[in-house]
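The next block holds one structure in the form of structure tokens; read it before the comments.
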Amino acid sequence: MNPAHPFTEPIEMVPHLSGCPYEAYAALREDGGAHQAVKPSGGEVWVISRYADVKALLSDPRLSIETRNSRNGYVGFGLPPALDAHLMNVDDEAHARLRRLVSSAFTPRRVEAQRERIKAAVDQLINAMAPNGRADLVAEYAAPIPVVVICDLLGIPEEDGAAFQSFTRSLMDPNDPNRPSTRDLVAGMTACLIGLIERKRTEPADDLLTAMITARDGDDRLSENELTSLAFLILWAGFETTVHLIANGIAALLAEPHLAEIVREQPDPHTPTMAALVEELLRRDGPMLTAIRRFPTEDLKIGERTVPAGDTVLFALASANRDPQQIPNPDEIDLERVGNGHVGFGHGPHYCLGAPLARMEVRVALWSAIHRLPDLALAVSADELPWKIDHRQHALTALPVAFTAQSTR
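The sequence shown begins at 974 in my numbering and counts up one residue at a time.
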């Protein structure tokens, strides 16, 4: 291997490819772009790090998302069918069918209707923080926003939203010694979702969950397991990804004051400049280090390496998004980039269905924080910010800030 590597294969994903692994990713790209690694659980995977490979392979039909194509019996979170029968576990026509049914309910009109709800949620959170002069913008701002928005979108009572967020966060953090057992988490989440769907059948409303229950494609409709699984997927993706998008974005603005000044110059969150800024933040500071696993259905040549059929493959999205072969000066935020082509939301048939909603939430959250919290600044140095040690997510555990306190009465 390249002597610049601080490690040998198989690479330990924790600590080498976790938290803020950008130097390690650069070394991987220079050394062929396909390397074997070991997850904390002990399973071996291939990590693909170059932009050209990642983007091409995310659309390659020779790579399957279905665990039946794993030769090592990959089980992931080991969820039951009531939570596992969703878009991120099937390929080809089975995937296209689910996407058609969900897309008929998850329409652009429904997303656009969330604009005022997002603003109201953000304003309420800022009003609560404003008199204090200090805050943790993960716990007090970034985390609550998606709870309100996703609950409103799906038609979930807000008091139930915190419970759903707790379920999904605990599932994503198996090393937390205080978390309930996976069995208890799964049972709790399943029971909540089944009860919610039953209520929507008897009390339908103008919300996404009701629309999914009634969605039709000819004579086709979603099964009970598909309904609960898709609701779970929307909750998980809508909570976890957006929380970290917001927090990472604000951290970047405060660490690089010229970016915060650009936001101050914008009259509202929906200008072309705000849109360009969010795309660049998604590219450089996006929360997903890797995409969901794939399994080759035949031996694949990637660079100088051959990945055997059935091995587990992880695409390092965060590495691809900083590949200088695709993006000049990738560590810089450049609002003049024309179509930066980032893969922060994935690429190909499994591209994130909720991307438009997440973008809207991030724009409003960033703009409002800068405009409404005077003299907003990090309360610690950027080097002291606490990043989660996780090979899946580039995520802050806290974002301590200070600002000039003000009355909101």
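Even glycine gets a Cβ: it sits at the ideal position worked out from N, Cα and C.
Values in this document were obtained by computation on a predicted structure and should not be read as measured data.
- Scanning ARG1345, SER1354, ALA1368, ASP1363 for the CA closest to the CA of ALA1378 turns up ARG1345.
- For LYS1361, the secondary structure class from DSSP, reduced to helix, strand or coil, is coil.
- Scanning its chain for C-beta atoms nearer than 7 Å, with the 5 sequence neighbours on each side dropped, one finds around ILE1343 the residues LEU1226, ALA1233, VAL1236, ARG1237, LEU1349, in chain order.
- Ranked by Cα distance from PRO1034, the first of ARG1189, TRP1340, HIS1320, CYS1165 is HIS1320.
- Counting along the chain, ILE1021 sits inside the beta strand (DSSP E) bounded by residues 1017-1021.
- Here PHE1079 carries a coil assignment [DSSP, helix/strand/coil].
- GLN1009 has TRP1019 as its beta-bridge partners, per DSSP.
- Contact between the stretch 1059-1069 and the stretch 1315-1331 is established, with three or more Cβ pairs separated by less than 8 Å.
- Excluding sequence positions up to five before and after ILE1300, its CB lies less than 6 Å from no other CB in the same chain.
- Closest in C-alpha terms to GLY1168, from the list VAL1111, ARG1156, LEU1182, comes LEU1182.
- Nearest neighbour of ASN1294 by Cα position, chosen from ALA1000, LEU990, SER1022, turns out to be SER1022.
- In the structure shown, SER1043 falls within a coil segment according to DSSP collapsed to helix, strand and coil.
- Taking 8 Å as the cut-off, the Cβ atoms of ASP1065 and LEU1127 do not count as close.
- When rounded, the separation of the alpha-carbon atoms in LYS1092 and THR1244 is 15 Å.
- DSSP, read as helix, strand or coil, puts GLU1229 in coil.
- Judged by DSSP secondary structure, ARG1345 falls within the alpha helix (DSSP H) whose first and last residues are 1328-1345.
- Relative to ASP1125, the option among ALA1025, ARG1083, VAL1111 whose CA is nearest is ARG1083.
- The C-beta of GLU1305 has fewer than 16 other C-beta atoms within 10 Å across all chains shown, which makes the residue exposed.
- Below 8 Å, too few C-beta pairs join the stretch 1105-1117 and the stretch 1191-1211 to call them touching: fewer than three.
- Taking 8 Å as the upper bound for CB-CB distance, LEU1262 and PRO994 are in contact here, some 7 Å apart.
- Judged by DSSP secondary structure, THR1183 falls within the alpha helix (DSSP H) whose first and last residues are 1181-1187.
- The distance from the Cβ of ILE1038 to that of ARG1267 is about 6 Å, consistent with a contact at the 8 Å cut-off.
- GLU1171 and ARG1088 have their C-alpha atoms roughly 28 Å apart.
- Around the CB of VAL1251, 16 or more other CB atoms lie within 10 Å, so the residue is classed as buried.
- The DSSP-derived three-state label of ARG1072 is helix.
- When only Cα atoms are considered, PRO1130 and ASP1004 end up about 50 Å apart.
- If you look at PRO1245, you'll find it in the alpha helix (DSSP H) that goes 1245-1258.
- In the three-state reduction of the DSSP assignment, ASP1133 falls in the helix class.
- In the three-state reduction of the DSSP assignment, SER1196 falls in the coil class, being assigned neither a helical nor a strand state.
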